[in-house]
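Student: Okay, so the sequence shown: first residue is 1 according to the UniProt record's numbering, each after it adds one.
For each residue, glycine too, the CB sits at the ideal point set by N, CA and C.
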Amino acid sequence: VLANYALYHLVLDRAKILTDLFRDISQDYETAQEMIENLRQAFFELLTELDWMDSDTRELARVKYNYGKDTYFDNYSGDQERKVVENLKDLRNGVSKDDWSLNAATVNAFYSPQKNQIMFPAGILQPPFFNKDYPKALNYGGIGVVIGHEITHGFDDSGRQYDKDGNLLQWWSDDAIDQFKAKAQCIIDQYSTYILPEANMNAYKNVIAKEGEEARLPGLKYNNNQLFFINFGQ
């Protein structure tokens, strides 16, 4: 674990002296990492506006939101130790050829409640979801929506069953659960006729407010807000 962790950071730090191919890959990573941070911030802003969540539950949500950045290595090390123990238990058993771990070519994204971790394989960090040279409207309407979706899983009706350490624990209060279900009922009742005239696009709008509006793509009649939803629809 220590060797892999050290090698990862060494390669990441030295990517700038490698060939253009590796530098481009490193730039892809940095662009995606910046988007993740922007979307996390937008999610945090939404968290403070929830009128159905009581203050105690909201505070636990804040703790879970901020947990892990400074303890990632300890979390990862502990998870690897658990896997070694589990693997040793199977030492005398036959090998299951159907037991595959996540591979880099997977075009998908995941949230693991046991690890309190969001995962974005290399397979999805490519067009039409993402490209470092795309306008921000396309990136936030593509992989940005996926990132936001996976973050939400840690705080939805499923994520509420696991705490910040991945333990099976109800960390929402009973009142917050009742309020959530009451809020969700309207979606259940109106699903077949539900219309969303305009999404807020919080993370994308925050970036545009900070860095300014991007130039429209030449030859297209669509503005950047429309491009956001076009790439989301793809």
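Compute the Euclidean distance between the alpha carbons of residue 172 and residue 65, then round it to the nearest angstrom.
Tutor: Answer to the nearest angstrom: the Cα atoms are 14 Å apart.
Student: Which of helix, strand or coil does DSSP assign to residue 53?
Tutor: Residue 53 falls in the coil class under three-state DSSP.
Student: Assuming residue 52 and residue 234 are in contact, meaning their beta carbons sit under 8 Å apart, how far apart are those beta carbons, in whole angstroms?
Tutor: No, residue 52 and residue 234 are not in contact; Cβ-Cβ is about 33 Å, not under 8 Å.
Student: What residue ranges within the UniProt domain "Peptidase M13 C-terminal" (108 to 208) form continuous alpha helix (DSSP H) runs of no fewer than 4 residues, ordered along the chain?
Tutor: Fully enclosed alpha helix (DSSP H) runs of 4 or longer: 136 to 141, 143 to 153 and 174 to 190.
Student: Return the CA-CA distance between residue 186 and residue 79, expressed in angstroms with no decimal places.
Tutor: Those two C-alpha atoms are separated by around 39 Å.
Student: Hey, is residue 78 close to the ligand ATP, as in C-beta under 7 Å from one of its heavy atoms?
Tutor: Annotation note on the ligand ATP: not contained in the displayed structure, which lists no ligands.
Student: Going by C-alpha to C-alpha distance, which of 225, 220, 213 and 177 sits closest to residue 200?
Tutor: Measuring from the Cα of residue 200, the nearest candidate turns out to be 225.
Student: Is the region 31 to 45 in contact with the region 132 to 151, if contact means three or more CB pairs nearer than 8 Å?
Tutor: These segments touch.
Student: Please report how far the alpha carbon of residue 136 lies from the alpha carbon of residue 6, in whole angstroms.
Tutor: Their Cα atoms are separated by approximately 32 Å.
Student: As a quick exercise: from 118, 122, 133 and 175, pick the residue whose alpha carbon is nearest that of residue 159.
Tutor: Comparing Cα positions, the closest option is 118.
Student: With a threshold of 8 Å between beta carbons, is residue 188 in contact with chain D?
Tutor: In the structure shown, chain D does not exist; there is a single protein chain.
Student: What does the alpha-carbon distance come out to for the pair residue 143 and residue 27?
Tutor: Computed Cα separation, rounded: 16 Å.
Student: For residue 111, I'd like the list of residues in its chain whose CB is within less than 8 Å of its CB, leaving aside the five on either flank, ordered along the chain.
Tutor: Around residue 111: 117, 118, 119, 150, 151, 153, 154 and 159.
Student: For residue 105, which of 74, 114, 92 and 121 has the nearest alpha-carbon?
Tutor: The shortest Cα separation from residue 105 among 74, 114, 92 and 121 belongs to 121.
Student: Quick one: residues in its chain with C-beta nearer than 6 Å to the C-beta of residue 132, no 5 flanking neighbours on either side, listed in chain order?
Tutor: Within the same chain, residue 132 has close Cβ partners 27, 28 and 31.
Student: Once DSSP output is grouped into helix, strand and coil, what is the label at residue 20?
Tutor: In this structure, residue 20 counts as helix in the three-state DSSP scheme.
Student: Who are the Cβ neighbours of residue 176 in its own chain at under 6 Å, not counting the five residues just before and after it?
Tutor: Answer for residue 176: 53, 54 and 57, listed in chain order.
Student: How is the alpha helix (DSSP H) around residue 78 delimited, first residue to last?
Tutor: That run of the alpha helix (DSSP H) goes 72 to 89.
Student: Comparing alpha-carbon positions, which option in 190, 24, 139 and 157 lies nearest residue 113?
Tutor: When each option's Cα is compared against that of residue 113, the closest is 157.
Student: Note down the Cα distance separating residue 202 from residue 42, rounded to an integer number of angstroms.
Tutor: C-alpha separation (whole angstroms): 6 Å.
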